[in-house]
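In this note's numbering, the protein residues as written are 24 to 299.
Note that the Cβ used here is the ideal one computed from N, Cα and C, for glycine as well.
None of the values given here were measured: they were computed from a predicted structure.
Quick notes on the structure that follows.
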């Protein structure tokens, strides 16, 4: 339970709700926006003392019943309600990381003939890819399943220097570890994710150093320079797109500026894949 963040969240949401929103008179002596603590406590059916302790980060672990009552009183959205439960240490349901990819995503990747595209789960396992992704990421098709993991590739692959220089590797490694730590917070019960972290801590001092920083940041768009052994340097925009209704999956696309040398390099790489 994160008492400080829970307290901050309750105060911010209380300030957002107006008396008119819940059918209360506005009155003449309101010095702050939103509802008073007493009003939220009454709407939620709890004592004012209990609610004050929650807002002051002194409260006990609220029950699911209390959290549901607060969500109604504060008029939280579905996403905000889930966040409230997370802060209180009571997720709405135990999230899990699955290994299946929706057919619609597979069809989309198949249509992206000139764009490397692949699907990652929260453990950084590469679950599916198109031919261009296979060409740009060291022949995924012939890799053992355990090697189709971006974290292992970044920190353990002996040939990564052929694809990323030291500066690029450092930047990508830091972003990936910060994102993996965010996933570990979302999926604390996933055994394979915990096993991956334990493995990397034991085998990679570089991973351990980054993990100990406790940096947390979900990966989104990122620029990447790839030194491909067949077509040379590719400056790509790595776009990380969440798969709808699947928080554990992301579609990763490598795009380049139209007409640029990197764009031409990708086209050349596609021709090589077609002729091979």
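Only buried fits residue 174, as 16 or more other CB atoms lie within 10 angstroms of its CB. Counting C-beta pairs closer than 8 Å gives three or more between the stretch 24–37 and the stretch 101–112, which meets the contact rule.
Remark: three or more beta-carbon pairs, one from each stretch, lie closer than 8 Å, so the stretch 275–294 and the stretch 150–162 are flagged as touching.
Taking 3 residues as the minimum length, the stretch 32–86 contains no beta strand (DSSP E) run wholly inside it. Counting only runs of 3+ residues, the beta strand (DSSP E) found wholly inside the stretch 118–183 occupies 140–144 and 149–152, in chain order. When only Cα atoms are considered, residue 39 and residue 70 end up about 21 Å apart. The beta-carbon separation of residue 80 and residue 30, rounded to 4 Å, stays under the 8 Å limit for a contact.
DSSP links residue 263 through a beta bridge to 275. Straight across, the Cα-Cα distance linking residue 284 with residue 133 is about 24 Å. In the DSSP assignment, residue 245 falls within the beta strand (DSSP E) that extends over 245–251.
With a cut-off of 8 Å on Cβ pairs, the stretch 228–246 is in contact with the stretch 189–203, counting three or more such pairs. About 5 Å separates the CB atoms of residue 292 and residue 254; that is less than 8 Å, so the two are in contact. In this structure, residue 268 sits away from residue 120, with a CB-CB distance that is not shorter than 9 Å. Counted as a single uninterrupted DSSP element, the alpha helix (DSSP H) harbouring residue 208 occupies residues 189–209.
Within the model, the alpha-carbon separation for residue 294 versus residue 249 is close to 18 Å. For residue 100, there is no enclosing alpha helix (DSSP H), as DSSP marks it with neither H nor E. For residue 220, the enclosing alpha helix (DSSP H) begins and ends at 214–226.
Taking all protein chains in view, the Cβ of residue 233 is crowded by 16 or more other Cβ atoms within 10 Å, so the residue is classified as buried.
One alpha carbon belongs to residue 88, the other to residue 225, and they sit about 42 Å apart. Residue 172 sits away from residue 273, with the two beta carbons spaced by 9 Å or more. Straight-line spacing of the CA atoms in residue 223 and residue 58 works out to 49 Å.
For residue 178, the closest C-alpha among the options 195, 100, 95 and 102 is that of 195. Residue 271 is classed as buried because its beta carbon has at least 16 other beta carbons within 10 Å across all chains shown.
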